[in-house]
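Mapping of the sequence shown onto the numbering used here: position 86 corresponds to residue 110, and the numbering continues sequentially without gaps.
Before any comments, here is the structure.
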Amino acid sequence: MSFPHLNSLLRRVVLTGIAAVAGVVLAAGLANAQTSPEPRQAGSAGISSSNDPGLVQISEAVAPGGLSSLPAAPTPSASAGGGGSKGWKQKLAGNYALEIGGGASIPTDKTYITWGEQFTVGGGYNFNKRFALLAEYQFMDNKLPGALIAETGANGGHAHIWSLTLDPVVSLFPKSSNDVYVTGGGGFYRKVTSFTDPQLAEYCDYYYCGIETVNTVVGHFSSNQGGFNIGGGYQHRMGGMYQDSKMKFFVEARYIDVLTPAVTTQPNGLGTTTVAAGTKLIPVSVGLRW
């Protein structure tokens with residue numbers, strides 16, 4: 025037994041359901057195409073745009089406030105062999121000390137030596153503004169007294185003393201532009217006592233050569249020994265915007281005791297002469313220090 029009206033109704037219901045399902049599928053596809061994310065920019069090498077919500081969430085997880093709140097990258101320090109090494113070398117070179125000066129050489133006893141002149145050069149190290157240590161070379165040229173020259177039968181004479189000493193310098197007012205200092209030290213001294221006579225000798229300069237009378241050494245004796253010195257002086261710092269210039273003008277006096285032995289000799293066949301032990305002088309110097 026058939027029911028034509030029922031069959032027709034069932035077919036319409038099935039067709040209507042199929043059409044409704046197809047419509048829902050088509051609408052879902054269109055909605056998915058409209059909300060899909062934009063493709064990543066070319067050249068980003070897999071890194072999302074700054075507007076990517078995912079990146080913002082990761083940044084918030086790493087540091088509250090995002091990447092802008094992360095600490096700044098540390099400044100690289102100087103390498104061990106770079107600026108640090110150069111700095112201490114410059115400081116070391118800046119502490120070198122130099123001096124040059126000269127003046128009179130005054131004997132304390134004129135029996136065996138008389139007035140003369142001298143010059144001094146030195147170099148060393150400034151450990152600080154108060155203390156320096158200098159190695160000094162000094163040369164003194166003094167005349168001999170007439171009585172000593174007469175003993176030998178010569179007509180003239182001189183004593184040359186040169187020394188190499190180590191001398192500390194202690195500043196009493198290191199922060200002042202006008203300073204007072206004390207110094208002293210000791211080392212090696214060589215003394216050469218010479219007697220001269222006028223003799224004819226050839227003399228030449230840039231323009232001509234000729235025969236002239238010059239004082240020629242006809243006899244001498246010498247000694248090598250130790251000695252010491254002690255003294256002090258005044259120094260004035262030469263300028264600088266903040267009175268920090270290293271150049272200083274100085275005036276000083278020292279007492280020098282050269283430990284020469286007593287001598288009785290006939291220098292190169294001259295007459296017998298006697299010189300007592302010890303040579304004591306007071307050199308007075310004017311000069312510059314750095």
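Even for Gly, the Cβ is constructed at its ideal location relative to N, Cα and C.
This one's a predicted model, so the numbers in the text were calculated from it and none came from an experiment.
Endpoints, the beta strand (DSSP E) within which residue i is located
i    : result
G293 : Neither: G293 is in no beta strand (DSSP E) and is coded neither H nor E.
F245 : 233 to 261
D281 : 272 to 282
F212 : 202 to 228
I137 : Neither: I137 is in no beta strand (DSSP E) and is coded neither H nor E.
S309 : 303 to 313
P131 : 120 to 131
Collapsed DSSP secondary structure at residue i in the structure displayed
i    : result
G177 : coil
G170 : helix
P192 : strand
F151 : coil
A19  : The structure shown does not extend to residue 19, since the chain spans only 25 to 314, so no value can be given for it.
S269 : coil
F163 : strand
A156 : strand
A286 : coil
Closer than 6 Å: residue i CB and nearest the ligand SAM heavy atom
i    : result
D229 : As far as ligands go, the structure on display features none, and thus does not contain the ligand SAM.
Residue burial classification, residue i (beta-carbon count within 10 angstroms, cutoff 16)
i    : result
F274 : buried
S187 : buried
P131 : buried
N253 : buried
Q259 : buried
P198 : exposed
S200 : exposed
A300 : exposed
T297 : buried
Whole-angstrom C-beta distance between residue j and residue i, which should lie under 8 Å
i    : j    : result
L190 : V242 : Actually they are not in contact, since the Cβ atoms of L190 and V242 sit about 36 Å apart, beyond 8 Å.
G311 : G126 : 7 Å
S309 : T135 : Their Cβ separation, rounded to whole angstroms, is 25 Å, which puts S309 and T135 out of contact at 8 Å.
A121 : R313 : 7 Å
T176 : P291 : 6 Å
N119 : Y149 : 6 Å
_When you compare the stretch 206 to 213 with the stretch 181 to 195, are there three or more beta-carbon pairs, one atom per stretch, that lie closer than 8 Å?_
yes
*Does the stretch 221 to 236 touch the stretch 275 to 292, meaning 3 or more C-beta pairs lie closer than 8 Å?*
no
*With a cut-off of 8 Å, do at least 3 Cβ pairs link the stretch 177 to 187 to the stretch 214 to 228?*
yes
*At a cut of 8 Å, does the stretch 286 to 302 reach the stretch 151 to 167 through at least three beta carbon pairs?*
no
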